[in-house]
Structures are given as C-alpha cells and as structure tokens.
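Peer 1: Quick note, our numbering runs 289 ahead of the 1-based positions in the sequence shown.
Backbone N, C-alpha and C fix where the C-beta goes; we use that ideal spot for every residue, glycine too.
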Amino acid sequence: MGIVVGGYARISDVGELGDGRDGEEGVTRQKDDVHDLVKGRELILHRMYVDNDLSAFKRRVVRPDFQDLVNDLDTAVISGVAAYNIDRITRQPRELEQLIDIYATARRPMVFATTAGDYDLSTDDGRFNARLYVMIANKFSADAARRVARQKKAEAVQGKPHRGQRPFGWRSGGVETEPFEAELIRKAQRDILNGKLLSEVHAEWVELGVVSPQTPAGKPMSFTSVGYIVTNPRLCGYRAYVPQQERERRGRVDPAEFLLERTDGTPIIGSWEPICTPDEWRAVRDVLKARKTDGRGRKKGSTVTKRMLTNIARCGECGRGMFSAIYTRGTVSYEKYVFFYLCRKPEGGCGGVSRSGPPVEEHVECVLLAHLANLAKDSRPGKAEDDPELIKARAELAQVEADMVEARQLREAGEFPLGEFVREIKRLEGKRDELSVKVAGLNAMGPQTGASAAERIIREWKTYTAPMKRAVIQRFIEAVVIKKQPRGGNHAFRPDLIEIFWKK
Ligand SMILES: [Zn+2]
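This is the structure in structure tokens:
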C-alpha cells in the first residue's frame with residue numbers, strides 16, 4: 290500500500306538560495322521533481338499544493354496552499370508531503386514545529402520526502418536535521434531580505450521616490466504631482482488649519498468618491514488613510530525610510546518617525562515635486578496632534594459639510610429642507626451607504642423622514658442628466674460669457690480677492706490687530722471658496738439652456754466635485770421631495786417616493 294502524500298511547490302520573490310528555481314519555470318521544475326520523486330517510491334500523489342510568489346520566510350505573508358497542506362495532514366487526508374527541498378515547504382522554524390507536532394502525534398505511517406532525502410520526523414535525529422536545515426534556510430532568507438533592504442535604503446538616501454504603487458497625490462512614478470489629488474490635499478490642509486475636523490475631510494472625500502491607489506476596489510477610502518495622506522512627510526519632500534521588518538511587525542507606521550537625515554542632521558529631500566512646504570506639513574500635524582491629546586471630539590455647533598442634496602432635498606411630510614448625517618460606524622448601513630438624509634427636529638422639522646443618501650443622489654443625477662439630454666436635443670447653443678449670473682459671481686470674486694490683498698497690506702502696515710485680521714481673512718477665504726465653486730459651476734454649464742453647455746455637463750458630470758454638482762442641480766431643480774417610506778416591507782430604494790420639482 291502506498292502512502293498518500295501532498296506535493297508542495299513554491300515560487301519565491303527573492304532569489305533566495307540562488308538555486309535558479311524561482312519564477313513560473315521554477316514551479317514547473319519543482320512539480321516535475323515531485324512527480325519523479327513520487328513515481329520512484331511507493332507514494333500516491335493526492336494533489337499538488339502551489340503558492341505563487343510568496344516567500345516562506347516573511348512571517349506575515351499568508352500561503353493559502355501551505356495552510357491547506359497543513360490542514361490535510363492534520364485531518365489525515367494525506368499522510369505525508371513531497372517537495373523538491375525542505376526550504377520550499379518552510380523557512381520558518383515555527384511552521385516546521387507545526388508539522389513536527391502533526392507527525393509526532395499521528396498514528397499512521399507518515400513520510401516527509403524531498404529530492405535531497407527523507408526526514409524521519411518521528412526520530413530525534415530526523416527532527417534535528419529538519420530543524421537545522423530550516424534554520425540555515427531561514428538565515429539565508431534573512432540575508433537576502435537584508436540585501437534587498439540595503440538596496441532600497443541606498444535609493445532612499447539618494448532621495449529617489451518610493452517604489453511600488455504611486456502615492457495618492459502623485460502620478461505613477463511618484464515624481465510629478467497629480468493636480469486634482471494634490472489640490473484636494475492642499476484644500477484639506479487649509480481646511481484643517483481653519484478648524485475643520487479630519488472626520489469632516491474624510492466625509493467630504495468619500496462624498497466626492499475619492500479613492501487612493503491603495504483603496505480596495507469598491508470600498509470608500511478609510512478614515513485612517515485620509516489621516517495618513519494629509520500628514521505624510523512626503524508632502525513636503527521629506528524622504529522617509531521604513532525598514533521592512535517594522536512594516537511587517539507593526540503594519541502601517543507613521544513615516545515621520547523614520548525620516549532620513551544627512552550626517553549634519555538636516556533632512557534628506559526627495560527628488561519629487563512637493564505638495565506643501567515643511568512648515569505647512571508640520572502645522573497640520575501639530576493641529577491634529579493637539580486635537581487628539583485635547584480629547585476634543587466633534588466641535589459643538591460645527592456646520593457639517595453640505596452634501597449634494599442638502600437643503601435641496603425636502604421632507605415629504607413637513608416640507609422642510611433636509612440635512613445629512615453619517616450612519617453609525619460599523620453598522621451595515623454605514624458599510625453600504627455611509628450617510629443619509631433626514632428631516633431634523635432641532636432645525637424645526639418634523640423628524641419623520643430619512644433616506645439613505647447615495648441611492649437618492651444617484652436617482653436625482655440620472656433624472657437630471659436625462660433632462661439635460663433632452664434640452665441638448667432641442668435648443669440652440671449659447672455662450673457662458675453672456676450669463677448675467679456668471680458676470681455677477683466673477684465680479685464678486687474679484688472684489689473678495691481685492692479685499693484679501695488689502696487686509697494683508699493693512700496687517701503688514703501694522704494697522705490690523707492679529708486677532709481681527711485672522712477672523713477677517715477666514716471670512717474672506719470662506720467667501721472666496723464659495724464664489725470659486727459658483728463661478729466654476731456656471732462656467733461649466735453656460736446659460737440656462739445652451740445645448741452645447743448641456744452636452745458638456747453630461748460629458749463632464751463624472752469629473753464634477755459635489756459642490757459643482759450642487760450648483761448645477763440648483764440651477765435646474767427647485768426641490769427634491771422625499772416622501773415617507775411606508776412602514777414594514779423591505780427597505781429597497783423606491784424612486785416613486787422621490788418627486789422632483791423643476792425650475793421654470
Ligand atoms: Zn419633516
């Protein structure tokens with residue numbers, strides 16, 4: 290009777306032992322070796338277990354087929370393993386001990402076969418040999434890993450950008466900034482310095498549908514990612530180097546703890562385009578850190594950012610404008626929708642109607658775009674330049690910018706006390722941001738019914754920020770009335786409970 294074994298093969302990511310057995314070709318050869326090994330012996334191959342491109346040395350790496358192999362050994366599906374070499378199976382003493390445990394307690398004949406010879410794990414000698422070999426392989430891997438780490442550090446010291454996925458804010462290659470993302474970061478930094486909470490920035494980014502190259506597909510960007518992005522030292526050009534073992538031990542770490550310095554103690558500056566200055570970077574970090582240590586939660590009475598339909602959506606029961614709120618973190622609703630619209634009693638509403646946000650917004654967007662497509666079909670083109678609203682908004686914007694210049698001049702001349710100056714600048718900045726959005730929105734859409742403008746909105750809709758979408762919606766829609774959902778039944782979104790009133 291032959292013993293049933295599992296064959297194991299693995300491709301490694303580092304040319305660990307220089308045995309030329311890495312890569313796809315290496316796996317084919319390992320498989321051939323296993324088949325030869327099994328054939329020459331009284332062994333029956335249950336199946337091959339193959340893990341791709343994973344090092345048997347790195348602790349945090351999960352090897353799904355290796356886990357299956359261990360399970361099948363443990364549950365007596367197989368009674369042994371066959372591989373090219375023991376170091377293909379594991380380079381972790383911890384994992385070897387797992388195998389030794391199974392072999393030691395098994396009440397059936399077991400085999401541990403490699404082309405370099407068998408290990409009899411039921412004897413002291415066999416276990417000693419196996420442990421010694423794994424230890425040596427482990428040492429070789431650690432050396433190889435150190436070689437790679439040294440190489441990466443050498444690049445870091447030269448200020449070369451990080452390898453791998455592009456960081457949020459930069460184009461791939463990590464040298465040139467990505468204008469839209471870089472501007473988002475700058476705006477977030479300004480907002481944070483002006484008192485906005487990180488959670489509000491997060492909500493805004495989620496609303497805008499912002500994701501980073503590191504965000505898992507289909508998921509919104511996480512709160513921690515936003516914090517990581519707006520405080521990262523690479524923003525101001527500082528080059529950090531986080532050793533691989535730190536990453537593996539601690540997961541995501543604060544790169545600011547690992548800034549590289551020249552021998553004179555000055556920071557090493559990367560060769561990429563910065564997004565802010567070191568002072569700005571430090572200021573944002575300080576503000577966020579201070580808030581954390583203050584234990585200060587949400588500011589009292591802070592105005593929550595306006596969502597696409599805030600105050601455009603109206604309660605179907607009492608007719609008041611609706612607000613938005615975030616679902617409780619960790620709930621299914623939060624995972625699925627993040628936020629909802631609601632009629633708020635504290636704002637004088639009846640509190641009787643609420644609805645998950647994204648489905649309503651999507652519905653309104655679809656209906657609006659269909660409406661615009663109709664307009665585009667049967668009207669003549671018009672010029673944005675002639676739009677009186679746009680002319681007015683531009684004039685107002687110019688005035689605000691002039692006021693800011695004047696305020697700064699007065700401050701420099703010492704005629705403006707600091708406290709008052711800061712208050713005034715903040716007010717003007719708020720006004721300026723509001724007007725910029727309005728001008729951009731009007732610019733994008735042109736006068737009321739221009740066909741080319743409608744077409745452009747449809748074409749560019751996906752690239753619009755939420756405030757721009759708001760501006761367009763307000764231009765065409767008087768109100769979106771959300772009617773009360775009948776009690777009971779499922780909670781599927783019902784477009785028939787949404788009524789849109791168009792502007793005449
Ligand atoms: Zn109401």
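Can you pull every residue whose C-beta falls closer than 6 Å to some heavy atom of ligand 1, listed in chain order?
Peer 2: That query returns the following residues: Cys604, Glu606, Cys607, Arg609, Cys632, Gly638, Cys639, Gly641 and Val642.
Peer 1: Could you tell me the distance, in whole angstroms, from the CA atom of Gly463 to the CA atom of His451?
Peer 2: Along the sequence shown, one-based indexing puts residue 463 at 174. Along the sequence shown, one-based indexing puts residue 451 at 162. The alpha-carbon atoms of Gly463 and His451 are separated by roughly 7 Å.
Peer 1: Name the DSSP beta bridge partners of Ile333, please?
Peer 2: Looking up residue 333 in the sequence shown gives position 44. Note: Ile333 sits in a beta bridge opposite Val293.
Peer 1: Does Gly586 pass the burial test, meaning 16 or more other C-beta atoms within 10 Å, or should it be called exposed?
Peer 2: Looking up residue 586 in the sequence shown gives position 297. Residue placement at Gly586 is poorly supported in this model, since its pLDDT is 39, which falls under 50; the coordinates still yield a value, given next. Gly586 should be labelled exposed.
Peer 1: Using DSSP bridges, identify the partner residues of Thr403.
Peer 2: Residue numbering aside, residue 403 sits at position 114 when the sequence shown is read from its first letter. For Thr403, which the question treats as bridged, DSSP gives the partners Ala372 and Gly406.
Peer 1: Consult DSSP for Arg397 and reduce its assignment to one of helix, strand or coil.
Peer 2: Translated into the one-based positions of the sequence shown, residue 397 becomes position 108. Three-state DSSP puts Arg397 in coil, outside helix and strand.
Peer 1: Measuring CA to CA, which of Ala402, Ser411 and Val293 is closest to Asp361?
Peer 2: As a working mapping, residue 361 is identified with position 72 in the sequence shown. Asp361 has its Cα closest to that of Val293, out of Ala402, Ser411 and Val293.
Peer 1: When DSSP labels each residue in this structure, what does Cys565 get in the three-state scheme?
Peer 2: For the purposes of this step, residue 565 is identified with residue 276 of the sequence shown, where counting begins at 1. Of the three classes helix, strand and coil, the one that applies to Cys565 here is coil, per DSSP.
Peer 1: Which whole runs of the beta strand (DSSP E) in the stretch 600-649 are 3 residues long or more, in chain order?
Peer 2: Taking only runs of at least 3 residues, the beta strand (DSSP E) segments lying wholly in the stretch 600-649 are 602-604, 612-615, 628-631 and 643-645.
Peer 1: Could you have a look at Thr513 and say whether DSSP puts it in helix, strand or coil?
Peer 2: For this step, residue 513 is matched to residue 224 along the sequence shown. Thr513: helix per DSSP, three-state reduction.
Peer 1: So what does Ile766 bridge to, in DSSP terms?
Peer 2: Counting from one through the sequence shown, the residue named residue 766 turns up at place 477. Trp791.
Peer 1: If you draw a straight line from the C-alpha of Lys773 to the C-alpha of Glu606, how long is it?
Peer 2: The residue labelled residue 773 in the question sits at position 484 within the sequence shown. The residue labelled residue 606 in the question sits at position 317 within the sequence shown. One C-alpha to the other measures close to 7 Å.
Peer 1: Please determine, among Leu661, Arg439, Leu385 and Arg435, the residue with the shortest C-alpha to C-alpha distance to Gly415.
Peer 2: Stepping through the sequence shown from its first residue, residue 415 is reached at position 126. Closest by alpha carbon: Leu385.
Peer 1: Assuming Phe765 and Leu657 form a contact by the criterion Cβ under 8 Å, report the distance between their Cβ atoms to the nearest whole angstrom.
Peer 2: Numbered from 1 along the sequence shown, position 476 holds the residue referred to as residue 765. Numbered from 1 along the sequence shown, position 368 holds the residue referred to as residue 657. The pair is a contact, with the Cβ atoms about 6 Å apart (cut-off 8 Å).
Peer 1: Check Asp363 in the structure and name its three-state DSSP category.
Peer 2: Working through the sequence shown from its first residue, we reach residue 363 at position 74. It is helical.
Peer 1: Starting from His491, trace the alpha helix (DSSP H) both ways and give me its first and last residue.
Peer 2: Start at 1 with the first residue of the sequence shown, and residue 491 comes out as number 202. Its alpha helix (DSSP H) spans residues Leu487 to Leu497.
Peer 1: Can you tell me the Cα-Cα spacing of Lys320 and Asp413, whole angstroms?
Peer 2: Your numbering for residue 320 matches position 31 in the sequence shown. Your numbering for residue 413 matches position 124 in the sequence shown. Looking at the two C-alpha atoms, the distance is approximately 29 Å.
Peer 1: Considering only residues of the same chain and omitting the five flanking positions on each side of Pro502, which have a CB-CB separation below 6 Å?
Peer 2: The residue labelled residue 502 in the question sits at position 213 within the sequence shown. The residues are Gln454 and Arg455.
Peer 1: Taking Arg455 as part of the alpha helix (DSSP H), name the residues at either end of that continuous run.
Peer 2: For the purposes of this step, residue 455 is taken as residue 166 along the sequence shown, with counting starting at 1. From DSSP, Arg455 is part of no alpha helix (DSSP H); its letter is neither H nor E.
Peer 1: Is the CB-CB distance between Leu334 and Val323 below 9 Å?
Peer 2: Within the sequence shown, the letter at position 45 stands for residue 334. Within the sequence shown, the letter at position 34 stands for residue 323. Yes.
Peer 1: Given Tyr623, which residues of its chain have a CB within under 8 Å of its CB, disregarding the five upstream and five downstream residues?
Peer 2: Numbered from 1 along the sequence shown, position 334 holds the residue referred to as residue 623. Here the set comprises Ile615, Tyr616 and Thr617.
Peer 1: Quick check on this structure: which residue in Ala755, Arg700 and Val649 has the alpha carbon closest to the alpha carbon of Ile789?
Peer 2: In the sequence shown, residue 789 corresponds to position 500, counting from 1. Taking only the C-alpha atoms, the option nearest Ile789 is Val649.
Peer 1: So, for Lys793: in the same chain, excluding its five sequence neighbours on each side, which residues have a beta-carbon less than 6 Å away from its beta-carbon?
Peer 2: Taking the first residue of the sequence shown as 1, we reach residue 793 at position 504. Contacts found: none.
Peer 1: Using DSSP with H/G/I as helix, E/B as strand and the rest coil, what is Tyr392?
Peer 2: What you label residue 392 is simply residue 103 of the sequence shown in a count that begins at 1. Correct three-state label for Tyr392: helix.
Peer 1: Within the chosen definition, does the stretch 427-441 reach the stretch 357-373 through at least 3 CB pairs nearer than 8 Å?
Peer 2: No: fewer than three Cβ pairs fall under 8 Å.
Peer 1: Going by CA-CA distance only, name the one from Ala445, Pro382 and Arg712 that's closest to Asn427.
Peer 2: Locating residue 427 in the sequence shown gives position 138, where the first residue counts as 1. The shortest Cα separation from Asn427 among Ala445, Pro382 and Arg712 belongs to Pro382.
Peer 1: In whole angstroms, what is the alpha-carbon distance linking Pro736 and Ile680?
Peer 2: If you number the sequence shown from 1, residue 736 lands on position 447. If you number the sequence shown from 1, residue 680 lands on position 391. Low confidence applies to Pro736: its pLDDT is 48, below 50, so where it sits in the model is not reliable, and the reading given next is rough at best. Roughly 11 Å separates the two Cα atoms.
Peer 1: Whose CA, out of Val621, Pro563, Lys758 and Val728, lies closest to the CA of Phe457?
Peer 2: Reading the sequence shown from its first residue, position 168 is the one you call residue 457. It is Pro563 whose Cα lies nearest to the Cα of Phe457.
Peer 1: Could you have a look at Pro502 and say whether DSSP puts it in helix, strand or coil?
Peer 2: Here residue 502 is taken as the residue at index 213 of the sequence shown, counted from 1. Note: Pro502 maps to coil in three-state DSSP.
Peer 1: With distances taken from CA atoms, which of Phe547, Arg551 and Tyr527 is nearest Glu569?
Peer 2: The residue you call residue 569 lines up with position 280 of the sequence shown. Taking only the C-alpha atoms, the option nearest Glu569 is Tyr527.
Peer 1: Note down, in chain order, each residue of its chain lying with its Cβ closer than 7 Å to the Cβ of Trp459, except the 5 sequence neighbours on either side.
Peer 2: Taking the first residue of the sequence shown as 1, we reach residue 459 at position 170. Here the set comprises Glu465, Thr466, Glu467 and Trp561.
Peer 1: Please report the straight-line C-alpha distance between Ser725 and Ile746, rounded to a whole angstrom.
Peer 2: Your numbering for residue 725 matches position 436 in the sequence shown. Your numbering for residue 746 matches position 457 in the sequence shown. Cα-Cα distance, rounded: 18 Å.
Peer 1: Taking the Cβ atom as the reference point for each residue, do Leu358 and Gly295 lie within a distance shorter than 9 Å?
Peer 2: In the sequence shown, residue 358 corresponds to position 69, counting from 1. In the sequence shown, residue 295 corresponds to position 6, counting from 1. Yes; because the gap between Cβ atoms is below 9 Å, this pair is in contact.
Peer 1: So what does DSSP say about Ala696, is it helix, strand or coil?
Peer 2: In the sequence shown, the residue the question calls residue 696 occupies position 407. Of the three classes helix, strand and coil, the one that applies to Ala696 here is helix, per DSSP.
Peer 1: My assumption, with CB atoms under 8 Å, is that Ile558 sits in contact with Gly448. Please give the rounded CB distance.
Peer 2: For the purposes of this step, residue 558 is identified with residue 269 of the sequence shown, where counting begins at 1. For the purposes of this step, residue 448 is identified with residue 159 of the sequence shown, where counting begins at 1. Sure, about 6 Å apart at Cβ, within 8 Å.
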